[in-house]
Amino acid sequence: MVYIRSLIFFSILLFTTSLAALLMLFTFPAPFSVRNKISVIWSNFNLWLLKHICGLDYRVSGAENIPDEPCIFLAKHQSAWETIALFTIIPHQLVWVLKRELMWLPIFGWALALNRPIAIDRSAGRAAVKEMIEKGKARLDKGHSVIIFPEGTRVAPGVRKRYGIGGSLLAEKSNHLVVPICHNAGIFWRRRDICKYPGTVDVVIGKPYRTDGSTAQEINHHVEAWIESTLENLPQQH
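Adding 205 to a residue's 1-based position in the sequence shown gives its number in our numbering.
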């Protein structure tokens with residue numbers, strides 16, 4: 206039954222994602238805020254589908270920690286769930302740091318490009334980090350918040366991966382607040398698994414970390430320590 210429900214949800218997700226991408230393409234001349242609104246509606250609808258088709262809900266702790274000002278969100282990355290849900294959870298106009306290859310996808314990639322992402326070539330090393338910092342500062346100066354997965358890729362529950370320092374370097378150079386986000390979505394929506402298991406994803410938003418005077422290494426250590434210690438206190442089985 207879990208597989209059948211998951212397959213139904215996945216089929217609808219493909220349709221709603223394609224529809225949202227087409228709508229974004231048609232709003233090409235419109236302000237960024239219009240496409241951001243489409244993303245939020247897409248997120249809300251698919252979270253509703255997850256709840257009613259797959260029995261997968263979520264709850265948020267620490268929503269009061271989200272600042273009113275543009276900031277840098279550094280989030281745990283366990284599944285595709287957070288790439289949908291964070292549009293709803295974070296009431297900001299979000300700009301995502303993502304791998305450049307996603308921009309090459311027909312329709313979906315073109316729609317992504319209209320959402321002002323910071324698309325980087327991960328094989329470019331220091332040049333990619335420099336580009337991310339320059340573009341990240343520009344987005345922050347325009348009033349957008351930047352969201353980054355410091356692990357760089359989805360990491361299965363129970364597995365540790367070194368946190369990349371790019372987001373922390375952006376924080377050091379821009380002096381914007383850093384907000385860490387932890388969750389356990391990976392136990393309900395596993396990477397490379399179509400099944401979406403019923404339950405409740407716990408999302409915890411940490412207190413903003415003021416980066417004035419802190420080095421990138423200090424920021425990165427603070428974020429990693431908080432996320433991983435918080436994760437230890439969350440349920441680890443669906």
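By construction, the Cβ of each residue, glycine as well, lies at the ideal position given by its N, Cα and C atoms.
Item                                                                                                                                                            : Value
Quick one: give me the first and last residue of the alpha helix (DSSP H) that R346 is part of.                                                                 : One detail in the question is off: residue 346 reads as Asp in this sequence, not Arg. Its alpha helix (DSSP H) spans residues R331 to D346.
With distance defined between alpha-carbon atoms, name the residue in G260, A235 and I243 nearest to R210.                                                      : G260
So L303 and F292 are in contact, right, with Cβ under 8 Å, and what is the actual spacing, rounded?                                                             : About 14 Å separates the two Cβ atoms, so there is no contact after all.
Taking buried to mean at least 16 other C-beta atoms within 10 Å of its own C-beta, is T358 buried or exposed?                                                  : exposed
Considering H388, what are the terminal residues of the beta strand (DSSP E) in which it resides?                                                               : V383 to H388
Taking P322 as the reference, give the member of E339, R331 and N438 with the closest Cα.                                                                       : E339
Is it the case that the Cβ atoms of A324 and L307 are separated by a distance below 9 Å?                                                                        : yes
If F278 sits next to S350, beta carbons under 8 Å apart, how far is it from one beta carbon to the other, in whole angstroms?                                   : 6 Å
Can you find the residues in the same chain that come closer than 6 Å, C-beta to C-beta, to L436, ignoring five residues on each side of it along the sequence? : C387
Let me make sure I understand the geometry here. Which of L219, V408, Q442 and R305 has the alpha-carbon closest to that of V384?                               : V408
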